[in-house]
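Student: I'd like to ask you about the structure that follows.
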Amino acid sequence: MAAQASEDLQKLDLNGQGGAAKADAPTAGQAEAGEAEDDSDDDADEGNAAPEGGANGAAKKKKKRKSKKKKKGGAKVQSEPPRVPLSQLFAGKQYPEGEIVEYKDDNLYRTTNEEKRYLDRMNNDFLQEYRQGAEVHRQVRQYAQKTIKPGQTLTEIAEGIEESVRALTGHQGLEEGDNLKGGMGFPCGLSINHCAAHYTPNAGNKMVLQQGDVMKVDFGAHINGRIVDSAFTVAFDPVYDPLLEAVKDATNTGIREAGIDVRMSDIGAAIQEAMESYEVELNGTMHPVKCIRNLNGHNIDQHVIHGGKSVPIVKGGDQTKMEEGEVFAIETFGSTGKGYVREDMETSHYALVPNASPVPLRLSSAKNLLNVINKNFGTLPFCRRYLDRLGQDKYLLGLNNLVSSGIVQDYPPLCDIKGSYTAQYEHNKDLDAQNDQQSVRIPPSESSIVEDQFFWTYTEEPHRSRRQAIIKAHPEVTKLCGYEPLTKYVVFGVVSLQICCAYLLRDTSMLSWRFLATAYLIGATANQNLFLAIHEISHNLAFRSPMGNRLLAIFANLPIGVPYSAAFRPYHLTHHKSLGVAGLDTDLPTAVEAFLLDSLLGKAFFCTFQILFYALRPMFIYSPPFTYIHTLNLAVQLSFDYALVKFCGGSLQPFFYLILSSFLAGSLHPCAGHFIAEHYFFSKVDHGTESITEQKTKSTEKKQPHPLDSLPPPETYSYYGPLNILTYNVGLHNEHHDFPAIPWTRLHALHRIASEFYEPLPSHRSWVWVIWTFILDKNVGMWCRVKRAQGGRLVGGGGKSGRSGETISAESAGPEENEDGWKESELQS
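See below:
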């Protein structure tokens with residue numbers, strides 16, 4: 020629900036009730052590796068459509084047969100708002116598993132045959148009920164994240180979420196006992212600004228969400244009392260982004276630290292360290308982000324939201340350990356205020372106290388109300404609106420009597436000082452070793468047109484953390500950053516070469532072998548070089564002046580034939596800041612592409628026409644703003660194309676030579692292998708990629724399994740072969756992603772300095788082998804990409820409307836951040 024307060028607010032402790040607390044935490048069912056249900060601001064909700072309706076005018080016989088068919092096949096897509104029960108979306112009630120969170124370090128030993136046998140004996144209903152509840156929460160959460168907007172009333176938002184949960188669980192809760200079978204795990208909390216938790220509108224509330232508000236959206240879904248407790252924060256002003264990022268990072272840290280035999284205090288210390296490393300600037304004043312120290316995570320029992328154990332979000336305190344078979348909510352709250360909450364405002368949340376001592380009730384209204392609560396909510400939390408919905412009226416006197424008698428516990432809103440802002444995030448986590456410790460995310464499958472088989476991960480992209488580690492170990496690498504004067508001379512030479520070739524071919528037939536051979540051998544190689552020159556220039560690595568880099572990129576664009584450089588830059592920088600993030604990283608193939616092309620012929624088609632996929636795909640993901648640089652790029656390119664044709668006596672051969680060169684550069688050309696080699700993982704290919712370390716220490720002995728083999732596959736690969744000479748060393752791709760501010764001429768120096776970081780990483784030895792293997796080997800293909808459902812940063816501003824209208828809540832680059840995708844402070848840390 021919202022959160023569990025510490026000893027300073029003991030009376031708020033639910034004592035194991037299903038009541039008020041939930042924060043940013045994931046429910047963690049124990050055993051071994053963990054299943055973590057994604058709670059992302061950028062959740063994708065693809066393929067939503069209205070459910071099928073029946074034909075009202077059909078004869079009875081027909082109607083009966085049609086309903087039978089519906090029961091068998093079920094609805095294939097979710098509606099908007101979500102109203103199709105999950106039982107119609109998942110055949111056989113097999114709900115998707117969450118991400119597998121492997122044990123940390125010295126706890127890896129717990130993946131044993133003995134424990135797997137124990138897990139095999141676990142009640143399968145337990146897992147299926149949690150997975151169903153998690154899928155309900157995910158679909159409703161995704162819809163809420165898309166639709167919550169300023170100007171809506173809090174009542175409208177809360178009731179919309181609650182009705183969706185009831186519809187998807189198939190339990191409206193209007194019949195006696197129905198809400199105990201499934202539905203809302205606790206009331207939808209909508210706590211705004213300084214209010215951190217436990218606020219939901221009561222009847223008659225007319226509060227409206229404002230543009231400058233920071234609202235915590237905290238709701239639960241349950242199936243047979245298995246409560247999925249999750250929350251996220253909504254803010255429309257990007258000034259609050261650092262606050263949200265701090266709390267999200269803290270929650271993710273708590274999830275990674277949690278596990279069997281881990282002390283609660285150790286988790287709290289890690290959470291505090293992560294959150295309080297952030298600060299946020301509001302109205303010209305810097306505010307450190309503070310953990311709200313008297314709000315905690317908690318364990319969850321059946322029908323009981325607070326099972327008695329607390330997970331602190333600050334260091335010190337409880338030395339209790341997490342135990343096998345327990346379910347936890349790892350939730351975190353951050354504040355720009357005091358970092359301490361007190362009760363304030365009108366109470367809306369209530370819950371029955373489990374095992375409360377019998378107390379004689381003299382008021383008949385209290386007796387009647389207690390009977391209603393027992394039969395409809397049990398120990399699950401409820402609010403006044405829920406009583407209104409059941410037709411109860413004039414119940415406040417009886418409700419207050421139950422509270423004063425100790426039978427029902429009230430949970431007033433918890434608030435920091437006025438004028439402060441608070442944020443909350445939570446994920447759901449279920450630890451389960453049956454999946455052999457694979458860190459696999461089953462993505463939101465709500466209403467996808469095709470089954471998604473990408474490798475979804477909950478971990479952050481690896482380059483930022485490796486960059487910081489390298490800087491700490493080798494601070495001298497920062498001296499490699501800066502622009503490279505040689506770039507402009509190479510660009511000038513290659514552009515001149517292409518113009519000369521185009522001119523010399525002005526009278527040559529486009530079908531002649533001379534024309535085609537020149538286009539493939541010289542033109543495609545030259546234009547691939549220019550593509551990568553623009554890639555280099557996009558990071559401001561040719562001139563000190565940003566405008567100088569923009570103009571050089573437009574010049575390098577001339578032999579490509581179509582305007583490209585201005586549009587490429589924001590997409591590429593977003594790729595760096597949002598590696599693998601669905602809806603932001605346009606380098607990722609879509610599920611539809613992967614579904615249609617994941618075959619030998621499909622992969623051959625993709626490799627042949629991949630330049631078109633990379634050119635057209637971004638337009639279907641999101642649209643950056645059209646700037647004067649785009650206009651200049653367009654005008655210069657069209658003018659050049661026209662002048663070239665006129666200069667060659669009206670012959671179109673020179674223009675078609677440039678276009679064919681660009682096409683072949685991104686087709687079945689050796690240099691085009693880098694497109695696939697960079698981020699498709701080949702870890703399933705026999706005798707595939709090897710690290711330099713493995714090549715140096717190669718032996719004839721069979722490679723033994725390693726504990727890390729089950730971790731997420733590498734998502735970036737380097738290549739150290741001779742084709743780097745023609746391609747601005749783009750093959751050193753791990754090095755480039757780690758340090759995008761280091762120019763191409765110094766990437767080898769970076770590799771030498773930090774060799775202990777790069778030599779153990781898998782790398783490709785041949786781009787030709789990459790293309791050949793990608794097409795022919797069934798173990799690698801379009802699905803072999805690592806994706807993440809959250810995180811990232813949109814560079815370049817502009818429209819943030821993604822696929823299917825999905826809202827992308829990515830952050831814009833801050834003032835401290837260079838446009839090449841990293842922060843100056845990261846090089847100084």
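Position 580 of the sequence shown, counted from 1, bears residue number 599 in the working numbering, the numbering being contiguous throughout.
Idealized CB from N, CA, C, for every residue including glycine.
(1) Using the C-alpha atoms, what's the distance from A545 back to A538?
(2) Between the Cα of F666 and the Cα atoms of E697, L524, H752, which residue gives the shortest distance?
(3) Nearest-angstrom Cα distance between P494 and Q229?
(4) Which residues mark the beginning and the end of the alpha helix (DSSP H) in which C626 is found?
(5) Identify the continuous alpha helix (DSSP H) that holds Q230 and give its terminal residues.
(6) For V749, which residues of its own chain have a beta-carbon under 6 Å away from its beta-carbon, when the five flanking residues on both sides are left out?
(7) Would you mind sorting G239 into buried or exposed? The rule is 16 or more other CB atoms within 10 Å of its CB.
(8) Quick one: any contact between the region 187 to 206 and the region 338 to 357, if contact means 3 or more CB pairs under 8 Å?
(9) Which residue wins for smallest C-alpha separation from C690, given the options Y676, I744, Y736?
(10) To which residues does DSSP link Y583 through a beta bridge?
(11) Spatial neighbours of H783 within its chain, please: C-beta separation below 7 Å, excluding the five flanking residues on both sides.
(12) What span of residues does the alpha helix (DSSP H) with T441 cover, start to end?
(13) Quick one: give me the first and last residue of the alpha helix (DSSP H) that I211 is part of.
(14) Once DSSP output is grouped into helix, strand and coil, what is the label at K340?
(15) Please tell me whether N212 and D232 are closer than 8 Å, where the distance is taken between their beta carbons.
(16) Exposed or buried, what is L769 when buried is set at 16 or more other beta-carbons lying within 10 Å of its beta-carbon?
(17) If we ignore side chains and look at the alpha-carbon of each, how far apart do V422 and E365 end up?
(18) Quick check on the DSSP output: the alpha helix (DSSP H) that includes C519 runs from which residue to which?
(19) Assuming S354 and S439 make a contact with CB atoms under 8 Å, what is their CB distance in whole Å?
(20) Excluding the 5 residues preceding and the 5 following S86 in the sequence, name in chain order all residues of the same chain whose CB lies nearer than 6 Å to its CB.
(21) Kindly list the residues whose CB is nearer than 6 Å to the CB of G580, restricted to its own chain and excluding five residues on each side of it in sequence; keep chain order.
(22) With a threshold of 8 Å on Cβ separation, who are the neighbours of V391 within its own chain once the five nearest residues in sequence on each side are excluded?
(23) Apply the 10 Å Cβ neighbour rule to K721 and answer buried if 16 or more other Cβ atoms are within range, or exposed otherwise.
(24) Taking the beta carbon of N798 as the centre, do at least 16 other beta carbons fall within 10 Å, making it buried, or is it exposed?
(25) Would you say F401 faces chain C, with C-beta separation under 8 Å as the test?
(26) The beta strand (DSSP E) spanning P781 covers which residue range?
(27) Given Y128, which residues of its chain have a CB within under 6 Å of its CB, disregarding the five upstream and five downstream residues?
(28) Between A521 and P673, which are expected to be in contact by the criterion C-beta below 8 Å, what is the C-beta distance as a whole number of angstroms?
(29) The alpha helix (DSSP H) spanning Q656 covers which residue range?
(30) Do I489 and A760 count as a contact pair if the criterion is CB distance below 8 Å?
(31) Using the rule of at least 16 other Cβ atoms within 10 Å of the residue's Cβ for burial, across every protein chain shown, is G316 buried or exposed?
(32) Which word fits I274, buried or exposed, when buried means at least 16 other C-beta atoms lie within 10 angstroms of its C-beta?
(33) Quick one: residues in its chain with C-beta nearer than 7 Å to the C-beta of P169, no 5 flanking neighbours on either side, listed in chain order?
(34) In whole angstroms, what is the alpha-carbon distance linking S584 and Y590?
(35) Using DSSP bridges, identify the partner residues of K165.
(36) List the whole-angstrom C-beta distance separating P220 from G287, where the pair is believed to meet the contact cut-off of C-beta under 8 Å.
Tutor: In brief:
(1) 9 Å
(2) L524
(3) 46 Å
(4) 619 to 627
(5) Unbroken run through Q230: none, as it is neither H nor E.
(6) L551, H693
(7) buried
(8) no
(9) I744
(10) Partner(s): none; Y583 has no beta bridge.
(11) A696, T708, Y736, Y738, V789
(12) From DSSP, T441 is part of no alpha helix (DSSP H) but of the beta strand (DSSP E) over 441 to 445.
(13) Looking at the DSSP string, I211 is not in any alpha helix (DSSP H); the run it does join, the beta strand (DSSP E), is 201 to 211.
(14) strand
(15) yes
(16) buried
(17) 15 Å
(18) 505 to 523
(19) 6 Å
(20) Here S86 scores only 42 on pLDDT, less than 50, and its place in the model should not be relied on; the value that follows carries that caveat. Correct list: empty, nothing qualifies.
(21) L677, I678, S681
(22) L406, L409, Q411
(23) Interpretation of K721 is limited by its pLDDT of 45, a score under 50 that renders its predicted location unreliable; no figure is taken from the coordinates.
(24) exposed
(25) In the structure shown, chain C does not exist; there is a single protein chain.
(26) 781 to 783
(27) Unreliable placement is indicated for Y128, whose pLDDT of 44 sits below 50; the coordinate value is still reported in the next sentence. Correct list: empty, nothing qualifies.
(28) 4 Å
(29) 647 to 666
(30) no
(31) buried
(32) buried
(33) L228, Q229, Q230, F255
(34) 11 Å
(35) Note: K165 sits in no beta bridge, so no partner.
(36) Not confirmed; about 32 Å, so no contact.
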